[in-house]
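S.K.: Just so we're aligned: the sequence shown equals residues 70 to 616 in the working numbering. Where is the CB? At the ideal position from N, CA and C, for every residue including glycine. Source: prediction; values computed, not measured.
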Amino acid sequence: MKSITILILACFAALLIGCNSNVHEYYVSNSGDDAASGTSPGKAWKSIEKVNETTFKPGDKILFEGGESFTGALKFDIEDSGTPDNPVTVTSFGEGRATISSGSETGLLAVNTSGMVVEELNFIGAGVIDGENFSGIHFYTDLDTVKPEFIRINNVEVSGYRWDGISIQGERKKGSSGYRDVRITHAVVRDGGDKGIAIGGTMPEGDWGHKDIYIGNCKVYNIRGISGKSGHSGNGIIVSQLDGGVIEYCVVYNNGEFSDDMNSGGPIGIWAWDSRNVVFQFNEAYENKTGNRADGGGFDLDGGCVNCIMQYNYSHDNHGGGYGIYQYRGAREFKGNIFRYNISENDGITNKHGGINLWSTNSSGGMQDTKIYNNTIYVSENTVGAAIEDFPDVQGECYIYNTQVYNNIFVGPPGKELVKILNPSEEWIFKNNCYYSYGDKIEIIWGDEIYSSLDEWRAATGQERHNDSDVGFEIDPELADPGNGGTIGDAHQLGTLGAYMLKQSSPLIDRGLDIKTEFGFDVGPRDYFGTPVPVNEKFDVGAAENK
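(1) Are at least three pairs of beta-carbons, each pair with one atom in the region 550–561 and one in the region 579–587, less than 8 Å apart?
(2) What are the start and end residues of each continuous alpha helix (DSSP H) run of 4 or more residues lying completely inside the region 114–199, in chain order?
(3) Got a sec? Which residues, its chain only, sit under 7 Å from Asp250 by beta carbon, not counting five neighbours each side?
(4) Given this structure, state the Cα-to-Cα distance separating Ala82 from Asn91, to the nearest angstrom.
(5) What's the call for Met570, buried or exposed, on a 16-neighbour Cβ count within 10 Å?
(6) Could you confirm whether any beta carbon from chain D is found closer than 8 Å to the beta carbon of Phe460?
(7) Along the chain, where does the alpha helix (DSSP H) that runs through Glu587 open and close?
(8) Using DSSP's beta-bridge definition, name the partner residues of Glu353.
(9) Secondary structure at Thr565, three-state DSSP: helix, strand or coil?
(10) With Met436 and Phe403 assumed to form a contact (beta carbons below 8 Å), what rounded beta-carbon distance in angstroms separates them?
(11) Roughly how many angstroms separate the alpha carbons of Leu491 and Thr530, rounded to a whole number?
(12) For Ile235, which of Tyr248, Ser161, Ile206, Glu226 has the nearest alpha-carbon?
(13) Just to confirm before moving on: does the CB-CB distance between Ile169 and Leu132 stay below 8 Å?
(14) Where Thr556 and Ala568 are concerned, what is the direct C-alpha to C-alpha distance, given to the nearest angstrom?
(15) Quick check on this structure: which residue in Glu414, Glu94, Cys287 has the alpha carbon closest to the alpha carbon of Val315?
(16) Once DSSP output is grouped into helix, strand and coil, what is the label at Arg527?
(17) So, helix, strand or coil for Glu433, using DSSP?
(18) Looking only at its own chain, which residues have a Cβ that is under 6 Å from the Cβ of Asn99, when we skip the five neighbours before and after it?
(19) Look up His207 in the DSSP assignment and give the residues it is bridged to.
(20) Quick one, are the C-beta atoms of Lys358 and Asn324 less than 8 Å apart?
(21) State the Cα-Cα distance for the pair Leu487 and Tyr383, rounded to the nearest angstrom.
(22) Hey, quick one: how far does the beta strand (DSSP E) through Gly705 stretch, first residue to last?
(23) So what does Asn223 bridge to, in DSSP terms?
(24) Let's test the definition: count the other Cβ atoms within 10 Å of the Cβ of Ile478 and tell me whether it reaches 16, buried, or not, exposed.
(25) Do you know offhand how far Asp609's Cα is from Ser413's?
(26) Identify which residue in Gly423, Ala267, Asp459, Pro461 has its Cα closest to the Cα of Thr445.
(27) Label Pro601 either buried or exposed according to how many other C-beta atoms from any shown protein chain fall within 10 Å of its C-beta, with 16 as the threshold for buried.
(28) Based on Cα-Cα distance, which residue from Lys440, Ile193, Glu496 lies nearest to Gly589?
(29) In whole angstroms, what is the alpha-carbon distance linking Val347 and Ile306?
(30) Could you give the distance in angstroms between the alpha-carbon of Gln238 and the alpha-carbon of Leu311?
(31) Hey, Asp509 and Gly484 are a contact pair by Cβ (cut 8 Å); roughly how many whole angstroms apart?
(32) Tell me the DSSP secondary structure of Gly481 in three-state form.
(33) So for Gly107, helix, strand or coil by DSSP?
(34) Quick one: grab the DSSP three-state call for Lys607.
(35) With a CB to CB cut of under 6 Å and the five nearest residues on each side skipped, what residues in its chain are close to Lys607?
(36) How big is the Cα-Cα spacing for Arg252 and Ile266?
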């Protein structure tokens, strides 16, 4: 019996070996030889050209020697595809990371490739120079009915590329080209031109091209934009044509200063357009800029976004607004988006925007059913815009419908507008917000009128009323240290932003409307700082729920 068992195990082992007999590890070293087999460090290949000549199979690995630099551009196609269980992996071996130095070519181009892992590598381009639009890592598909899936980009550093640092793109002329199940993690993208991390492709005509994309724990900075380029340039993280995604724990800063097309919008730190069911959370965006006096903000849900959530983010010291909510001309439906438990400090320091900014054309019904609740917005003497404001389109209209603004804190210095709604209507609903100017009367602009107290505004407009009672506060919220949040720099430490916690003596503790019970809002599990909401079955006002 024992001998039979041993025989069975031996046969099973042989079967496993046979199943994996075509899986190889291919090594590349500057001391190698392209005539060698490549299947061990001692028999390594020498060049990227040899890699590009080879067709890889599921489970294969291409390993570049750590600490060395390899000149050239990696190219893969559909024949090099792996599977989720057996991906093709491109990585380093030995000590440290290998560097792919691709000059003015794209560092790694994969066309219609599925099942690929790219990790533990550096990619260096020739810099933001005139000429071709080359990227660092670029996955592209023009397949219309099949979505390449399972792409993993992890622990890479990408710098010096004119166009995109990392991009996942579908063919713009096909109705459903895109990728499925993509994860971009622990990437550093810096010193580039047009975009840091970009997801996009299919124009808004049919279904969204991409499905299920995750971007996490990334840092994007010094993507300064391309001077003279038509349209916005210098975006940190931008996603579009995406159905289902999460962008979290990212830090994005100092981007966009050379975006100078005066007939276009400007860049944004982290944003989405033409996307559905995308969540942005636990991110910090700061010191993002613009060269054309447009945008240059921290975060944005733009034209064609549906059921997206912006939560637990920190925006500060951006040229443009902290949180943009925009519906551009020609976009598909913009509806059901949520902004909650975010903080903005000193945003809008050079252009017309402020903390939260809304603008909408009448495309696809305008801006519908936006919820803005439990945010804390601090505008300083350096801020050009208001804590919350709208902007008319070129015809002087702003097509904004059923915008609910509840339980927020809007604070600033004397003489600074806290609310500036140039196109007021019953479609704006303000309830239970706190308005406070340190050292003077508040200022609320409502159409052509200016109000200097909450009572005056309420009496004239009917805002800040609920169930036939007055709500809202014109009182010091007693924030711990407003205006002094500064830079955190580590998205996992955003909860240490003590400047915007409520003091124990704050009059806003337990004074929030129960928007979950009364209005059916899904408020999420926590506040900005990680405290479950509500505490003691009572909500607070602002981004902090006092313990």
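M.R.: For this structure:
(1) no
(2) 117–122
(3) Glu218, Phe219, Asp281
(4) Low confidence applies to Ala82: its pLDDT is 45, below 50, so where it sits in the model is not reliable, and the reading given next is rough at best. Each residue's alpha carbon lies about 16 Å from the other.
(5) buried
(6) This model lacks chain D altogether, as it is built from one protein chain only.
(7) 584–588
(8) Val320, Tyr383
(9) helix
(10) 5 Å
(11) 14 Å
(12) Ile206
(13) no
(14) 11 Å
(15) Cys287
(16) helix
(17) Correcting the residue identity first, residue 433 is Ser in this sequence and not Glu. Helix, per DSSP.
(18) Glu137
(19) Leu178, Ser236
(20) yes
(21) 19 Å
(22) The structure shown does not extend to residue 705, since the chain is modelled only from 70 through 616, so no value can be given for it.
(23) Glu188, Thr254
(24) buried
(25) 18 Å
(26) Gly423
(27) exposed
(28) Lys440
(29) 13 Å
(30) 11 Å
(31) 7 Å
(32) strand
(33) coil
(34) strand
(35) Asp579
(36) 12 Å
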